[in-house]
DNA sequence: CGATCAACTGGACTCGTGGTACAGTAGGTC
DNA sequence: GACCTACTGTACCACGAGTCCAGTTGATCG
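Structure (structure tokens):
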């Protein structure tokens with residue numbers, strides 16, 4: 033009965049991580065106090081240190097949680113794109129459309145990326161956390177690069193293209209789009225960038 | 033003789049701002065202590081508060097300095113692009129090439145954008161600073177949008193394009209490219225994204 | 001029924017940091 | 001000789017992060 037017994041701990045831990053994530057996205061890691069997290073969750077400081085050995089441990093747990101969530105969402109979106117169209121290019125284009133739609137319907141008023149927040153404060157963290165961050169980006173690169181390779185084989189572009197940069201462009205536009213969206217308080221910026229990315233992909237592999 | 037006399041103050045202030053900028057890009061604003069800044073510059077705490085009334089005043093001054101520098105660099109790059117080619121599209125494409133080259137030759141090992149750093153810590157700042165940040169993005173949008181409007185008039189694209197998003201894409205790729213470059217420790221990522229942006233612009237207005 | 005363990009509570013303590021206050025001073029300027 | 005700029009020096013306070021450790025509660029297991 034591991035599922036039902038003693039599960040209160042995992043739930044409290046999850047609530048701490050969720051509170052920490054929204055606070056870090058709003059104020060940064062250093063400005064996020066343990067006191068505010070325990071106040072939000074309703075436990076004491078000692079309770080916090082029962083779950084995390086120190087603040088660095090919290091940071092690492094936040095990243096692991098974030099990366100896992102990120103991976104799951106992306107897997108789901110592009111798997112559905114593939115299901116809707118057998119062709120690698122058109123399946124990818126459908127996936128990008130779904131992706132843009134999802135980004136436009138995010139519930140948060142000011143969505144953000146934890147990895148981006150951490151990368152502008154990376155001197156606060158140890159090597160382990162920075163490596164987790166790099167792994168996350170490489171996962172995006174690999175994921176998109178594999179698709180582009182398959183697509184480029186079936187639809188050879190007429191001129192040389194930097195497929196790696198094209199794969200990175202997805203993550204680049206997401207990170208940049210989140211930043212611009214936050215700065216201007218405009219949640220349409222990010223999905224529109226993804227739509228442009230989709231246009232770009234199509235124009236490279238399907239010239240008019 | 034305002035230029036030569038009493039100029040030591042402005043110089044110290046500038047050194048404080050420069051030290052603050054590199055510290056903030058490495059650790060974030062909250063984790064940047066006044067003590068480390070005065071140690072780096074070689075003055076006392078009282079000296080710091082002679083130049084800035086409090087930390088918020090420092091933040092505002094940092095943003096103003098950053099935006100001004102940003103504006104000057106961009107003005108210079110694209111003015112040179114225009115000088116090298118009269119045509120609005122080709123002048124812009126030359127400017128983008130110069131821009132990519134400049135971004136590839138940045139002296140810092142881990143360049144970053146102060147505005148991006150601030151936007152992931154915006155709850156630390158007052159409305160005034162957030163507005164400065166938004167103005168900075170809008171300046172990029174306006175700058176690129178004006179060019180794209182002129183180009184679209186001379187080279188009408190065959191299908192509808194979201195010119196605003198295309199203008200924002202420049203800043204989006206710079207912000208995102210800086211983040212990916214930092215995460216992977218790869219300074220080539222950003223210039224390659226700008227090259228792709230250039231390819232995209234060309235393919236929209238000059239279909240093969 | 002008693003032992004065990006997860007999930008905490010409570011309290012006391014240290015240290016760094018932001019920020020204030022204020023008095024003093026070196027050196028160039030008018 | 002008065003004045004101003006650009007500081008130094010010292011003392012002080014409040015707050016919050018983070019550490020440590022001892023104790024407690026309530027469910028579970030043999």
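Chains as they are written, first to last, in the numbering used here: chain A, 33 to 240; chain B, 33 to 240.
No residue lacks a Cβ here, since even glycine has one placed at the ideal position from N, Cα and C.
Amino acids of chain A, ordered along the chain, whose beta-carbon sits closer than 7 Å to that of residue i
i: residue 232 of chain B; result: 232
i: residue 106 of chain B; result: Residues of chain A passing the Cβ test: none, with the nearest at roughly 16 Å.
Any C-beta of chain B under 8 Å from that of residue i
i: residue 58 of chain A; result: yes
i: residue 82 of chain A; result: no
i: residue 177 of chain A; result: no
i: residue 152 of chain A; result: yes
i: residue 201 of chain A; result: yes
i: residue 198 of chain A; result: yes
i: residue 216 of chain A; result: yes
i: residue 116 of chain A; result: no
i: residue 221 of chain A; result: yes
i: residue 144 of chain A; result: yes
Closer than 7 Å at the beta carbon, the chain B residues around residue i
i: residue 204 of chain A; result: 205, 208, 209, 212, 225
Contact set between residue i and chain B, taken where Cβ atoms lie within less than 9 Å
i: residue 103 of chain A; result: Per Cβ cutoff of 9 Å: no residues; residue 103 of chain A is ~16 Å from chain B at best.
i: residue 169 of chain A; result: 211, 212, 215, 216
Where the alpha helix (DSSP H) containing residue i begins and where it ends
i: residue 223 of chain B; result: 221-237
i: residue 135 of chain B; result: 120-136
i: residue 152 of chain A; result: Note, residue 152 of chain A: premise wrong, no alpha helix (DSSP H); not H, not E.
i: residue 178 of chain A; result: 159-186
i: residue 115 of chain A; result: 87-116
i: residue 71 of chain A; result: 66-73
i: residue 199 of chain A; result: 195-216
C-beta neighbour in chain A for residue i, strict 8 Å
i: residue 165 of chain B; result: yes
i: residue 161 of chain B; result: no
i: residue 51 of chain B; result: no
i: residue 138 of chain B; result: no
i: residue 61 of chain B; result: yes
i: residue 174 of chain B; result: no
i: residue 97 of chain B; result: no
i: residue 194 of chain B; result: yes
Beta-carbon spacing of residue i, residue j below 8 Å
i: residue 175 of chain A; j: residue 195 of chain A; result: no
i: residue 152 of chain B; j: residue 78 of chain A; result: no
i: residue 212 of chain A; j: residue 221 of chain A; result: yes
i: residue 135 of chain B; j: residue 223 of chain B; result: yes
i: residue 210 of chain A; j: residue 144 of chain A; result: yes
i: residue 189 of chain A; j: residue 157 of chain A; result: no
i: residue 173 of chain B; j: residue 120 of chain B; result: no
i: residue 116 of chain B; j: residue 123 of chain B; result: yes
i: residue 83 of chain B; j: residue 125 of chain B; result: no
i: residue 164 of chain A; j: residue 99 of chain A; result: yes
i: residue 87 of chain B; j: residue 155 of chain A; result: no
Contacts that residue i makes with chain A (C-beta to C-beta distance below 9 Å)
i: residue 239 of chain B; result: 235, 239, 240
i: residue 112 of chain B; result: Simply none; closest approach about 24 Å.
i: residue 147 of chain B; result: 211, 215
Partners in chain B for residue i, counting only beta-carbon separations shorter than 8 Å
i: residue 228 of chain A; result: 194, 197, 198, 201, 232
i: residue 156 of chain A; result: 59, 60, 63
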